[in-house]
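Let me begin by presenting the structure, written as structure tokens, before commenting on it.
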Amino acid sequence: MDAPLWKKCLDRLETELPEQQFNTWIRPLHAVADDNCLRLLAPNRFVLDWVREHFYDQIHQAVQDYAPAPAPQIALEVGTRRAAPPPKAAEPETRFTRETERPATRRMAAPNPSLNIAHIFENFVEGKSNQLARAASMQVGENPGKAYNPLFIYGGVGLGKTHLMHAVGNLIIAGKPDARVVYLHSERFVADMVKALQHNAINEFKRYYRSVDALLIDDIQFFAGKERSQEEFFHTFNALLEGQQQVILTCDRYPKEVAGLEERLKSRFGWGLTVCIEPPELETRVAILMSKAAQAQVEVPNEVAFFIAKRIQSNIRELEGALRRVVASSRFTGRPITLEFAKEALRDLLALQDKLVSIENIQKTVADYYKIRIADLLSARRSRSIARPRQVAMALAKELTTHSLPEIGDSFGGRDHTTVLHACRKIAELRETEIRIKEDYYNLLRTLTT
Amino acid sequence: MIPTQLPLGLRLPAASRFDNFVAGPNRETVTAIEQLTLDRTASVLFITGAAGSGKTHLLQAACRAVETGGEAAVYLPLTTFSTMNPGILEGLEHYALIALDDVQAIAGQVDWEEALFHLYNRLREAQGRLLAAAAAPPDQLNIELPDLRSRLGWGAVYALQLPDDAMRLQILALRAQACGLELPDETARYLLRRCPRDLPALIALLERLDHAALAAQRRLTVPFVKAVLES
Chain Z
12 MDAPLWKKCL DRLETELPEQ QFNTWIRPLH AVADDNCLRL LAPNRFVLDW
62 VREHFYDQIH QAVQDYAPAP APQIALEVGT RRAAPPPKAA EPETRFTRET
112 ERPATRRMAA PNPSLNIAHI FENFVEGKSN QLARAASMQV GENPGKAYNP
162 LFIYGGVGLG KTHLMHAVGN LIIAGKPDAR VVYLHSERFV ADMVKALQHN
212 AINEFKRYYR SVDALLIDDI QFFAGKERSQ EEFFHTFNAL LEGQQQVILT
262 CDRYPKEVAG LEERLKSRFG WGLTVCIEPP ELETRVAILM SKAAQAQVEV
312 PNEVAFFIAK RIQSNIRELE GALRRVVASS RFTGRPITLE FAKEALRDLL
362 ALQDKLVSIE NIQKTVADYY KIRIADLLSA RRSRSIARPR QVAMALAKEL
412 TTHSLPEIGD SFGGRDHTTV LHACRKIAEL RETEIRIKED YYNLLRTLTT
Chain E
54 MIPTQLPLGL RLPAASRFDN FVAGPNRETV TAIEQLTLDR TASVLFITGA
104 AGSGKTHLLQ AACRAVETGG EAAVYLPLTT FSTMNPGILE GLEHYALIAL
154 DDVQAIAGQV DWEEALFHLY NRLREAQGRL LAAAAAPPDQ LNIELPDLRS
204 RLGWGAVYAL QLPDDAMRLQ ILALRAQACG LELPDETARY LLRRCPRDLP
254 ALIALLERLD HAALAAQRRL TVPFVKAVLE S
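Chains as they are written, first to last, in my numbering: chain Z, 12 to 461; chain E, 54 to 284.
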């Protein structure tokens, strides 16, 4: 019984089935040759059931036709090609048992598999929006378990939370190479726990997570509604804090705002330090682009970085996506990256951004937010309850569109461009001094750009 | 005995490859996808385009290229999948390439968006590659989970242009050739003048004509095609 048999079957099934079905259900099966048994591994039971129901007969027929007699049995099972097939129906090993069984010497010799070595403080671009979070992270990296525990970093998507978290982990390891730092996404924690429960290995699960020097869990908002995981995490969390082992968590919002999260967890998350990462300002976005370009060893003129940063405000991932596209186009065409070239390469992407954020759109969003009428924004009324939202809207129009100041003034009931300029300065100032304005601005920016 | 002129339902399907994709103005996009199949590092690429612009062809071609390179790939048509349990995405991070088609089909379905987000993270951790295709760019898909939306736009986004008539003729010729069918130029032009010109419709029509020609043992002359279309 050998793989060539399955290859022959594949060749035939490919001619019998529509290409899309073949690439969805048949080719992805992994064949394992066993004593007179053809084991076909599907990635999960849903795929398995589907294949069994819809394609078993055809597979069976092909095997009958090509195999030397006696034809092997066909066993459809759940499994992956990476994991070596267990000799018998052994329980698949879970991730943490593998880790704990691994000899300590190997763990020290190998680079930490869960940390991304590319995410370090040196290439984390600092700006007003992330200054505090960066400083706190740095201190935790230098003094794990002692500076701030837990360190709780929150903020919108694609703003650098994960980067910071890995940077702390890498710094801890730089200071103490044998430190056991484990980074994982909250979903992984939940999945591991479910597996541990299934396989009666919850004690090993506990032992593993409580034995680390630093536990880094990303996106804990996905714990919401998962009570059993929260409970397990609660105990792990307490044990780690007691043992002065570092805990770092990230979340897409302030811990108290996560619905479906137990109160006792929320309150504990605030025991250490809670820091926020905000969307980067234009200058920081430019600096990020220049840094990414330097990492990719590509020459990107300042004006191109400004152009991209001005057009894409939502998050760093999309900024990076746009840069990737420009660089790829430049490599493809062999043309240097100029402003004209960047505009051309990003035509499709930017047309879409322009569509999304118009002055009208900003006016409507701001009016809705402050519960006033658009007509008020355009009116001559100067009471604070109208004037302030109007200034916020003007500042947003300058930040989010490419319209000139006179154009923006025009769109706000025919005002002068100096009024727009004044509004922008005023809002910039108020964002520093008044937390309400700062939050309003941030919320509106988020609504308009994501 | 079965009369020989009855066509069999069995034929070699036209295999989608990069070299039988009529690229026209989309050469850069095709090259980027080819590159993705060769680079063995975590990455993501997103292609958009109207129906008939060739997204599915390119996704199939990418799967084939990765398999040829000795790695495993899987094609996921989300239109079909969206009615199933999102658990069907479990364990897929072990594939070197995941080709996600019709991402718009799961937009707004919270459980699917979350499952896809988690798959993305696992795939990235496993150094896998993601090639996603949809009718619109990530921002316009009405995906509710911002975490997923931003990740889909992390790599480069490419827009496929629809083929023009010259490309359509080329595509029809290639298709016909692949199933051993002789399609005279004149007939192809006739089709483009008289029939809906979107590619899925044209290709379905070609299959119908092929069937009819085989049954009638006729060549695809204009009068014959005309007769088939009128029947």
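Quick reminder that beta carbons are idealized off the backbone N, C-alpha and C, glycines included.
- Contact between residue 160 (chain Z) and residue 260 (chain Z) does not hold, since their C-beta atoms are separated by about 11 angstroms, which reaches or exceeds 8 angstroms.
- Contacts with chain Z at 8 angstroms (Cβ-Cβ) do not include residue 119 (chain E).
- Contacts with chain E (Cβ-Cβ distance below 7 angstroms) from the region 328–347 of chain Z involve 328, 329, 331, 332, 335, 336, 339, 340, 343, listed in chain order.
- Restricting attention to Z:337, Z:357, Z:267, Z:322, the CA atom closest to the CA of residue 414 (chain Z) is found in Z:322.
- Looking from the CA of residue 193 (chain Z), the closest CA among Z:186, Z:206, Z:179, Z:202 belongs to Z:179.
- Contact between residue 138 (chain Z) and residue 291 (chain Z) holds: CB atoms are separated by about 5 angstroms, below the 8 angstroms threshold.
- Neighbours of residue 206 (chain E) in chain Z, taken as residues whose beta carbon is under 8 angstroms from its own, are 328, 329, 332 in chain order.
- Taking one beta carbon from each stretch, the region 122–140 of chain E and the region 232–252 of chain E have fewer than 3 pairs nearer than 8 angstroms; the two do not touch.
- Annotation for residue 191 (chain Z): 223, 224 place their beta carbon closer than 6 angstroms to its own, counting only its chain and skipping 5 residues before and after.
- In this structure, residue 169 (chain Z) keeps its C-beta atom at 8 angstroms or more from the C-beta atom of residue 263 (chain Z).
- Taking 8 angstroms as the cut-off, the beta carbon of residue 212 (chain E) is found closer than this to the beta carbon of residue 359 (chain Z).
- Contact with chain Z is absent for residue 180 (chain E), since none of that chain's Cβ atoms lies less than 8 angstroms from the residue's Cβ.
- Rounded to the nearest whole angstrom, the C-alpha separation of residue 356 (chain Z) and residue 319 (chain Z) is 11 angstroms.
- According to DSSP, residue pairing for residue 161 (chain E) in a beta bridge does not occur.
- If you check the CB distance, residue 187 (chain E) and residue 147 (chain E) do not come in under 8 angstroms.
- By the 16-neighbour rule on beta-carbons within 10 angstroms, residue 325 (chain Z) is buried.
- Residue pairing by DSSP places residue 100 (chain E) opposite E:186, E:211 in a beta bridge.
- Listed by position along chain Z, the residues whose Cβ is nearer than 8 angstroms to that of residue 113 (chain E) are 30, 31, 34.
- The bridge partners DSSP lists for residue 263 (chain E) come to none.
- The DSSP-derived three-state label of residue 274 (chain E) is coil.
- With contacts defined as CB atoms closer than 8 angstroms, residue 280 (chain Z) and residue 266 (chain Z) qualify as a contacting pair.
- Looking at the DSSP output, residue 151 (chain E) shares a beta bridge with E:127, E:183.
- Residues of chain E with a Cβ closer than 8 angstroms to the Cβ of residue 291 (chain Z) do not exist; the shortest Cβ-Cβ separation is about 14 angstroms.
- For the pair residue 437 (chain Z) and residue 402 (chain Z), the CB atoms are nearer than the 8 angstroms cut-off.
- In the displayed model, residue 307 (chain Z) falls within coil according to three-state DSSP, outside both helix and strand.
- DSSP, reduced to helix, strand and coil, places residue 48 (chain Z) within a strand of the structure shown.
- Cβ-Cβ distances below 7 angstroms link residue 236 (chain Z) to 271 in the same chain, with the five nearest sequence neighbours on each side left out; the list follows chain order.
- Counting along the chain, residue 177 (chain Z) sits inside the alpha helix (DSSP H) bounded by residues 172–186.
- The beta-carbon of residue 203 (chain Z) is placed no less than 8 angstroms from the nearest beta-carbon of chain E.
- Against chain E, the CB of residue 352 (chain Z) has no partner CB under 8 angstroms away; the residue lies outside that interface.
- Assignment of beta-bridge partners to residue 196 (chain Z) by DSSP yields Z:229.
- DSSP places residue 86 (chain Z) inside the beta strand (DSSP E), whose first and last residues are 84–89.
- Rounded to whole angstroms, the gap between the alpha carbons of residue 428 (chain Z) and residue 368 (chain Z) is 20 angstroms.
- Burial state of residue 220 (chain Z) is buried, judged by a 10 Å Cβ sphere holding 16 or more other Cβ atoms.
- Relative to the Cα of residue 94 (chain E), the nearest Cα in the group E:201, E:176, E:196, E:70 belongs to E:176.
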